[in-house]
Structure formats: structure tokens, C-alpha cells
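J.: Note that the protein sequences, when read in sequence, are chains A and B.
With the first sequence counted from 1, adding 56 to any position gets you this note's numbering.
With the second sequence counted from 1, adding 56 to any position gets you this note's numbering.
Number of protein chains: 2
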Amino acid sequence: MTDNDYMQLAIAEAKKGLGLTSPNPAVGSVIVKNGEILGKGWHRKAGLPHAEREAIADALTRHEKSTLRGATIYVTLEPCSTTGKTPACVDGIIEAGIAKVIYGATDPNPAHVGGADAMLKKHQIKVVSGVERVACESLIQAFAKRITTGLPWVIAKTAVSLDGRITRPSGEGQWLTGPEARAEVHKIRASVDAIITGGKTVRKDNPSLTIRGEAHSAEKSQPWRVILTQSGKSSLPQDANVFTDEHAERTIIHEDKTLTQTLKALAELGCNSVMLECGGILMQQFLKQQLIDELALFIAPIFTGGPDHGFGIGEHLDHSQFLTNNSHQQLGNDILIRGILKKS
Amino acid sequence: MTDNDYMQLAIAEAKKGLGLTSPNPAVGSVIVKNGEILGKGWHRKAGLPHAEREAIADALTRHEKSTLRGATIYVTLEPCSTTGKTPACVDGIIEAGIAKVIYGATDPNPAHVGGADAMLKKHQIKVVSGVERVACESLIQAFAKRITTGLPWVIAKTAVSLDGRITRPSGEGQWLTGPEARAEVHKIRASVDAIITGGKTVRKDNPSLTIRGEAHSAEKSQPWRVILTQSGKSSLPQDANVFTDEHAERTIIHEDKTLTQTLKALAELGCNSVMLECGGILMQQFLKQQLIDELALFIAPIFTGGPDHGFGIGEHLDHSQFLTNNSHQQLGNDILIRGILKKS
Chain A
57 MTDNDYMQLA IAEAKKGLGL TSPNPAVGSV IVKNGEILGK GWHRKAGLPH AEREAIADAL
117 TRHEKSTLRG ATIYVTLEPC STTGKTPACV DGIIEAGIAK VIYGATDPNP AHVGGADAML
177 KKHQIKVVSG VERVACESLI QAFAKRITTG LPWVIAKTAV SLDGRITRPS GEGQWLTGPE
237 ARAEVHKIRA SVDAIITGGK TVRKDNPSLT IRGEAHSAEK SQPWRVILTQ SGKSSLPQDA
297 NVFTDEHAER TIIHEDKTLT QTLKALAELG CNSVMLECGG ILMQQFLKQQ LIDELALFIA
357 PIFTGGPDHG FGIGEHLDHS QFLTNNSHQQ LGNDILIRGI LKKS
Chain B
57 MTDNDYMQLA IAEAKKGLGL TSPNPAVGSV IVKNGEILGK GWHRKAGLPH AEREAIADAL
117 TRHEKSTLRG ATIYVTLEPC STTGKTPACV DGIIEAGIAK VIYGATDPNP AHVGGADAML
177 KKHQIKVVSG VERVACESLI QAFAKRITTG LPWVIAKTAV SLDGRITRPS GEGQWLTGPE
237 ARAEVHKIRA SVDAIITGGK TVRKDNPSLT IRGEAHSAEK SQPWRVILTQ SGKSSLPQDA
297 NVFTDEHAER TIIHEDKTLT QTLKALAELG CNSVMLECGG ILMQQFLKQQ LIDELALFIA
357 PIFTGGPDHG FGIGEHLDHS QFLTNNSHQQ LGNDILIRGI LKKS
């Protein structure tokens, strides 16, 4: 097993926390000594112990405290060096007698970066950073965006026909995509902290915007449901699902805010990531303002025609925006294209 | 080797003729005796020998005439029983002393179907049909459509952005897709007999609509280039590539014809298959009139916005049209979705 292999185990630990830890990032950790894995851990929820302390605690359930002396700890993110809701992880590492710290991504907070290295080295603990850096940075991309810009990571999700439409001819069913694609949407919802939609979508489709089915878990709070409207709450149907179901307290109305104001407010609420599930007009506004970070585009094998385009109609963007790190997969009869938007 | 295995060899022979044989279909044949392949052949061009006669001739280059006695011939399509430009294949099979005929697809012409069976059986030749039928029918789908409807098989090809547009913001390059996708377009061109475009596309993009690069071969005539216009030839730029290049005699202008009239005229010209390479307005007309049989949709990983939608704007179709037998593949950074349209 190489350092990269152990870091991959730490990444697997971190992934268990994806979608659960905001405003914190998902972090995983593994403690190794002489090729033996002494303990593993991941950050479960803001306010609960960080991944390093979880891994140390896990190790101590099966090993003497002395066994940890001289061990190496792998962490996907630079350990915290300041006390927040929980004590600094660096102190825990020093106390445990760990001899070497290997981490993947550096702390995206410019005020914290490098803090761990200095403190650890002062205690003769070796520090290596950047192992599996790309994968480790990917784990914290939403958190990093919020920390560095004050805006959450924005995932645009939509399902379109082959001709780019989002509605079918009248008299046909509501759905473009099949059950596999719709199950995937719930998985994406389970990875975010808020879902943004428009008043028009609430009026027309009456969506629930909740995590349901297999994607639902007891550990995950339902995402905030944020309804953007320019015509006031009274213009929305008061019996809509988002106002009347058991998660009604998770519904927020934003009236006459700019998109950036809405995103900033959600970041301040502790949202690392938000998902757009809205019609083409609103989608296009986010696109034009270069506010979309990631795309989840479902394409259904159907031609529909009709006035409802997934990304609106109108003028060219100022500049094309390119999808990078893109991948595609078949889900039932539908295709899902994902990727990260490179803005000009 | 089973009958299906030998038929697959015949299918591989037939495929060598795809795109070259109109108004005839692509057909392949293999002659087998005691597990030995005596000869193989494919139909190369209308007016040249059919696949069965090619296979017999091939066998006779290496074997005595007597060796063919008692052999089995595999053909992808029911052998012809009437004399056209070339003598009936059934006669050739009888003359060669072949004992058994195994074919895949039946003749789509209702006047011919079953003709071979009757004549062959009269000569004590065994006949089996329907081996690898689906694959064999797929080889002749364009021919079969023309024979049964008087219209050619229509492949709609377009390349769109993630938001369904076909043009980029001004000042950027012309292309949405990369070189791999564009090379694939030439391969599709090499499989059809005509390319239909609109006057607007000629005016705006000045396309050549020729087969170029690796897809080009000496055996394949350049497809007809058919320009649909409602404003007369004089409205088209007389110095456009389609009027001035070395294939200018392959350019046809259709003025004020309905789409069905255009397709019918191309069928009468001997076109089994045509390809649409046009803007969204014309594409949508073909779609609305349920004239599209097959789709080749390239999706580029780019958002552009803009007024030019790949499939136009406007009302819903009367009914959704579904893509069946669909597949997708990555070509460079682009995705190609192909499939056959099931019309209501």
C-alpha cells in the first residue's frame, strides 16, 4: 500500500459525509502504523468531531494509546489549527503522539492555510501535503467556493428532450425521463443544502423538491427549498406541496432579490452547495450571470417541440461557457451529462 | 460455425457496399461446403453483379465448377428472381448446382417476395429464411423504405450546444464540435445518396456538403446536394461552394416544393437515403411532418445561448416522437446520440 492507496481509503471515508456536513466540508482520515490500519473516521456533521478525531477515537477502541505513537495519519484536508465548534485537530494529533501527517488538499481559507504545518513541525511531526490532491480538492469544491467567494457551489440540473424542451405535448405524461434518471435526481438532491426554483415552476408543476426513495437517509436534513418570485408570496398557490408538506419549515421565499443576493443569503445560512431545479428563463439568467458551477443535464430520447426550452430563448451569451471534466452515462433510456463549467 | 456465424460473414461482406449501391441495397453472400468457405462476395454498384453472383465468381477463381455442387449459399437478402439490369440470381444459383439457400431478409417489394423460394424449391434446392433477420433487415432499411413508400430514408444530422443552439457568440469560432465529431459527419455523408440543406444555410455558412478526408473513397459518388429555397436561385450566392466547386453538377435547387415532393423526387432519382444538414427552422418542418427516420445528434460540451435553435422554436409537436434503438458514444469531447424515430 502506498501513500496514495491510504489516501484513497481516507477519500472513501470522506465520501460517506458528502452532503451531510455543511457548512463544513466532507473530510476522511485513516491512521496507519507498520502497514496496519489502526483506525478510520469521517466527519459526520457540523458540531460533531472532525475526521482526524474520529479516526483517533476509532483507533483507541481497539488499541492502547501507546500503539498510536509513531503512527502516520492520512487526512483528505489540511487539519484545522484553530478551535471552532470543536477543538483544533492539530492538538489532537500532537496529543496522540502521531509522527507523520499526510494530507491532500490545503485549507481553502487563506487565513488558515499552512497553520497546521507550522504547529505540527514545531512538535517534530513530519508533514506531507498534496497526496491525491485533485481528488481531495474535488471533495471540498463546494466548501472552498463558499469560503473564498461567499457564494455557494451551484449545480444546474435539468431534463430536456432531444430538441431541448422540458415539457411534452398536452395530453401526454408529465415526465420526459424514466425512473432511473429520476432516482438519480434524488441522489443529487441528497448532495446539496438547498434547491432553488422559480414561482412559475411551483405554480405549474407543484414539485415537492424533497429527497425521497433510496437517496433519502435519516442523517440528511431535507434541503432548503428556495422559491424565487417577483410577484410576491400571495401569487403562489398556498396549497402547494412546498408550503403544506411535513417539511414546510424548510421552504423559503425570496422576493425581488438578485440571484447573487439569493446565493449570498444561502451561503450565510451555511449552504455550501445549491441545486437549480427551475424552468428555462431562470436557468438562462443564472447562465448569463455566470453563476453556474456544475451541470447535471438529463437528455430524454424524445422529440416534443413546444415553447418551454430548458435554457430559455434569446440572445447569445457574452462568451461561450465550456463544460470541463465532463462525463456521460446512460440511466435507463436517458443520458446524463455532468461536468464543471469553465467561465470566461 | 453455425448458420448464424456464416450469415454474420455475409453481413460483413454486405457492409462493404453500404452507401455505394443505390438504388439497390447493400447485399453480401458467402458460399460454404463441408465447413469450408468456397467464396464470398458483395454487391458493389447498381449495374454490376449481385452479391450471389459475386460469391459464385469468387468461388470459381479457386475451385472447379463441380466443387460448388451441393454447397450452401448464405445471402443477407432474398435472391432476386426477376431479370433487371443483371440476370436473376436465382438462375445463377440453380446453374451453379447449389443445394441450399439461406437468406436473412425477405425482398421488401411485395411483388417479388417469395419468388425466389418457389423457383428454388422447384429445383429441389432447400430454402431457409430469417437467419439473422434483424441485422439483415437493418442493412436494407433505406432501400426497403423507398420501395414500400416511394420516399427515401431520412437521417437528420445536427450538432448542438448543451442549450440546444447551433451557433456561437460572435467573435468566436464557427465550430461547436471537435475534429472527431466532424470526421464522423463525413462518414455519415458517405452512407447517403443526397444531402438536403436550406438556402439560409448556404447563404450563412457556405458549406461544401461533400465527403472529405478518410471517409472519402474513389468508389463513392459525392451525394447530391439539394438546396431548398422559397426565394429562387437568384437569392442564393452564385459564388457559393456548392455552385462553384468540382462537384457543382451534383447540386440541385428545389424551389417551392413541399418537403414530401422533394423527398419523392430524390427517391425517383434513385436515392435510398438522404441526410438533412440544415438549420432549425427546416429541421422542425421535417420533424412536424414526421418525415425523419433516423437521428444523428452531436452534442458539444458548450453553452452558447443565441437565437439559433437546432430544432427551431414554436409549438409542441402533435405527438412526441420517440428515439428507439438508440445509442450514444463519445467522439473527442462531443457526444453522438443516434437512433431511429418512432412516429405516432
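Ideal Cβ placement from N, Cα and C applies to all residues, glycine included.
Predicted model, so just to flag it, every value in this text is computed and none were measured.
What does the alpha-carbon distance come out to for the pair ILE251(A) and TRP280(A)?
T.: 6 angstroms
J.: Quick test of your reading: MET430(B) and GLY91(B), contact by CB under 8 angstroms. State the CB separation rounded to the nearest angstrom.
T.: The structure shown does not extend to residue 430(B), since chain B spans only 57 to 400, so no value can be given for it.
J.: Going by DSSP in three states, ILE211(B) sits in which element: helix, strand or coil?
T.: strand
J.: Using alpha carbons as the reference points, say which of GLY269(A), THR314(A), GLY254(A), VAL210(A) lies closest to LYS289(A).
T.: GLY254(A)
J.: Expressed to the nearest angstrom, what Euclidean distance is found between the alpha-carbon atoms of TYR159(A) and HIS365(B)?
T.: 47 angstroms
J.: Would you please state the rounded distance, in angstroms, between the beta carbons of ALA102(B) and THR77(B)? I believe it to be under 8 angstroms.
T.: 6 angstroms
J.: Taking buried to mean at least 16 other C-beta atoms within 10 Å of its own C-beta, is ALA167(A) buried or exposed?
T.: Looking at its Cβ environment, which holds fewer than 16 other Cβ atoms inside 10 Å, ALA167(A) is exposed.
J.: Quick one: give me the first and last residue of the alpha helix (DSSP H) that PHE378(B) is part of.
T.: Where PHE378(B) is concerned, there is no enclosing alpha helix (DSSP H), although the beta strand (DSSP E) it sits in stretches over 372 to 387.
J.: Strictly below 7 angstroms CB to CB, what residues from chain A border THR360(B)?
T.: HIS372, LEU373, SER376
J.: Using a Cβ-Cβ cut-off of 7 angstroms, state whether GLU236(B) counts as contacting chain A.
T.: Under the Cβ criterion of 7 angstroms, GLU236(B) is not counted among the residues facing chain A.
J.: Look at the alpha carbon of ALA107(B) and the alpha carbon of ASP114(B), and state the distance between them as a whole number of angstroms.
T.: 10 angstroms
J.: Hey, does ILE222(B) have any beta-carbon neighbour from chain A nearer than 7 angstroms?
T.: no
J.: Taking only three categories from DSSP, how would you classify LEU397(B)?
T.: strand
J.: Measuring alpha carbon to alpha carbon, tell me which residue in ASP61(A), LEU74(A), ALA70(A), GLN340(A) is nearest ALA212(A).
T.: Nearest Cα to ALA212(A) within the set ASP61(A), LEU74(A), ALA70(A), GLN340(A): GLN340(A).
J.: Got a sec, what are the start and stop residues for the alpha helix (DSSP H) ARG259(A) sits in?
T.: 255 to 261 is the extent of the alpha helix (DSSP H) around ARG259(A).
J.: Would you check if the region 382 to 397 of chain B and the region 343 to 360 of chain B touch, i.e. whether three or more CB-CB distances between them fall below 8 angstroms?
T.: yes
J.: Quick one, which of THR285(B), ASP173(B), ASN297(B), GLU302(B) has its alpha-carbon nearest ILE337(B)'s?
T.: THR285(B)
J.: In chain A, which residues lie with their C-beta within 8 angstroms of the C-beta of GLY395(B)?
T.: PRO357
J.: Report back the beta-carbon spacing between PRO235(A) and ILE196(A) to the nearest angstrom; my notes put them in contact at under 8 angstroms.
T.: That belief does not hold up - the Cβ atoms of PRO235(A) and ILE196(A) are roughly 32 angstroms apart, past 8 angstroms.
J.: Between which two residues does the beta strand (DSSP E) harbouring ALA161(A) extend?
T.: First-last of the beta strand (DSSP E) with ALA161(A): 156 to 161.
J.: Considering only DSSP beta bridges, list what LEU392(B) is partnered with.
T.: PHE354(B), GLN385(B)
J.: What is the rounded straight-line gap between the Cα of PRO208(B) and the Cα of ARG202(B)?
T.: Using only the alpha carbons, I get a separation of about 5 angstroms.
J.: Whose C-alpha, out of ASN297(B), HIS272(B), LYS276(B), VAL241(B), is nearest the C-alpha of LYS260(B)?
T.: ASN297(B)
J.: Please tell me whether ILE382(B) has its Cβ less than 7 angstroms away from any Cβ of chain A.
T.: For clarity, residue 382(B) is Asn in the given sequence; the question names Ile instead. ASN382(B) counts as touching chain A.
J.: Less than 7 angstroms between the C-beta atoms of MET175(A) and VAL157(A), yes or no?
T.: no
J.: Would you check if the distance between the CB atom of VAL258(A) and the CB atom of LEU218(A) is smaller than 7 angstroms?
T.: no
J.: Going by CA-CA distance only, name the one from GLN345(A), ASP59(A), LYS276(A) that's closest to LYS89(A).
T.: Among GLN345(A), ASP59(A), LYS276(A), the Cα nearest to that of LYS89(A) belongs to ASP59(A).
J.: Within the region 111 to 174 of chain B, note down every full beta strand (DSSP E) run reaching 3 residues or more, in order along the chain.
T.: Entirely contained in the region 111 to 174 of chain B, the beta strand (DSSP E) runs reaching 3 residues are, in chain order, 128 to 133, 156 to 161.
J.: Closest Cβ-Cβ distance between PRO293(A) and chain B: below 7 angstroms?
T.: no
J.: Assuming ALA109(A) contacts GLY153(A) (C-beta within less than 8 angstroms), just tell me the rounded distance between them.
T.: The sequence shown places Arg at residue 109(A), rather than the Ala named in the question. The C-beta separation of ARG109(A) from GLY153(A) comes to about 15 angstroms, leaving the pair out of contact by the 8 angstroms criterion.
J.: Between ILE203(A) and chain B, is the shortest Cβ-Cβ distance under 7 angstroms, so that the two count as touching?
T.: no
J.: Strictly below 8 angstroms CB to CB, what residues from chain B border PHE367(A)?
T.: Near PHE367(A) (Cβ distances below 8 angstroms), the residues of chain B are LEU218, ASP219, GLY220, PHE359, GLY361.
J.: Keeping to the same chain, check which residues put their C-beta closer than 7 angstroms to that of VAL86(A); ignore five residues upstream and five downstream.
T.: TYR62, LEU65, ALA66, GLU69, ILE93, LYS96, ALA111, TYR130
J.: Quick one: grab the DSSP three-state call for GLU92(B).
T.: strand
J.: With the cut-off set at 7 angstroms, would you say HIS242(A) and ALA271(A) are in Cβ contact?
T.: yes
J.: Check the Cβ-Cβ distances between GLU333(B) and every residue of chain A, and say whether any is below 7 angstroms.
T.: no
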